[in-house]
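Asks: Structure provided below as structure tokens; questions to follow.
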Amino acid sequence: MVIWSYFIKTCVDLPVIVHLPDYKEVIVSYSDKIFDFCIYLAIIISLFRFLYKSKNIVIEKKKAQTKDGYDDFRDINAIFKALELGAIVVSVILILAAFRVPLTALGAFSGVALAGLTLSQSTLLTNLFGGLFVVFNRKYSEGDIISSEINSTIKFSGTIKKIGTLTTRVDNSETAPMHIPNSVFLNTCITTTSRRTHRRIVQFITIDYKYIDKIPIIKQKILEILKSHPNIDQNKTLAVSLASGGTNISGKLEGSFGSSGINIQIYAMVNKVFFSDFINVQDEIFINIAKELNDLDIDFAINPVTLHKY
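FYI, the UniProt record's numbering numbers position 226 of the sequence shown as 226, with every residue one higher than the one before it.
Take a look at the structure:
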């Protein structure tokens, strides 16, 4: 681009100097500005391409060193985000310099522009600082699974795919992208679900009233199953008890003694974080409980169906 710019400038200047000597100062001055602009534009493009390729090279080297777990590139992204902001400032200065803008005028213009931007684009600035907050705060980064409830009607959850300057892209469970303004991260509580250490089992089973004498044995057997399972954290809360009052069971608020039987609550913490692993552990525990109850000749209660005769 530099060579072509110099070639075009030469092709323009030579005929002007030869055939239009009276206008050569005006035309040559404009061609100089255009030539300088092209040179600076080439420098700006090269600078951003260098930053982009350097970031990819560093990330690829980091990936080669990472064998297990998700890749954490927060430090790399933070450094290159700062470099990109610096490159933008340099680009603006170079472009203004190409058009021979005086430094005093540049300073005055910058002050007025900053004041106007602050007054008229407060949302833009909030999103910008929100993006910097996400990058440098290190609470969540690209690849993390987050969730939040902005209010009673607006909520989101998904995987962070890209933290941009003004918005952050979050893909939901159906891989549909959501572009969330970065200002949301400044004043909203964010839950980073991918960084939890456990998942919780909360399950209710209902036993027929005719087995009320066997409730202590049932609780003991279920507790033994939980304590013997290798993926249940024994250092966390582990409980098998009658359900407390006002518990939502099958869409109905019930207590220990429900409409169809005795409600037993199972509570445990699984040391598996990924959803598929957690589901497999939970299914294994529930099947073992069902087998144990079958060996004791105990049946689950069946919700009664009322027939109305008309």
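Note that the Cβ used here is the ideal one computed from N, Cα and C, for glycine as well.
For the beta strand (DSSP E) that contains A268, what are its first and last residues?
Replies: 262-270 is the extent of the beta strand (DSSP E) around A268.
Asks: So is G255 buried or exposed if we call it buried at 16+ other beta carbons inside 10 Å?
Replies: Looking at its Cβ environment, which holds fewer than 16 other Cβ atoms inside 10 Å, G255 is exposed.
Asks: Mapping DSSP to helix, strand and coil, what is S194?
Replies: Here S194 sits in helix by DSSP.
Asks: Can you give the Cα-Cα distance for I146 and L238, rounded to whole angstroms?
Replies: Answer to the nearest angstrom: the Cα atoms are 27 Å apart.
Asks: Have a look at N263, I232, V240, N235 and flag the residue whose alpha-carbon is nearest the alpha-carbon of T247.
Replies: The candidate whose alpha carbon is nearest that of T247 is N263.
Asks: Can you tell me which of the three DSSP states L223 falls into?
Replies: Correct three-state label for L223: helix.
Asks: For the putative contact between Q282 and I201, defined by C-beta atoms under 8 Å, what is the C-beta separation to the nearest angstrom?
Replies: Yes, they are in contact, since the Cβ atoms of Q282 and I201 sit about 6 Å apart, within 8 Å.
Asks: Look at the alpha carbon of D299 and the alpha carbon of I225, and state the distance between them as a whole number of angstroms.
Replies: Near 18 Å, if we compare the C-alpha coordinates of I225 and D299.
Asks: Kindly give me the distance between the Cβ atoms of V240 and I215, rounded to whole angstroms, as I take these residues to be in contact under 8 Å.
Replies: Rounded, the Cβ-Cβ distance is 10 Å, inconsistent with contact.
Asks: Could you give the DSSP three-state label for V273: helix, strand or coil?
Replies: In this structure, V273 counts as coil in the three-state DSSP scheme.
Asks: What would DSSP say about L83, mapped onto helix, strand or coil?
Replies: L83 falls in the helix class under three-state DSSP.
Asks: Here's a check: name, in chain order, each residue in its chain whose Cβ is nearer than 7 Å to the Cβ of I302, leaving out the five neighbours to either side.
Replies: Once the five neighbours on either side are set aside, the close Cβ partners of I302 are S260.
Asks: So who's on the other strand from P181, going by DSSP bridges?
Replies: DSSP, once it has assigned bridges, lists T167 as partnering P181.
Asks: Quickly, what does DSSP pair L242 with across the bridge? List them, please.
Replies: BP columns for L242 point to I264.
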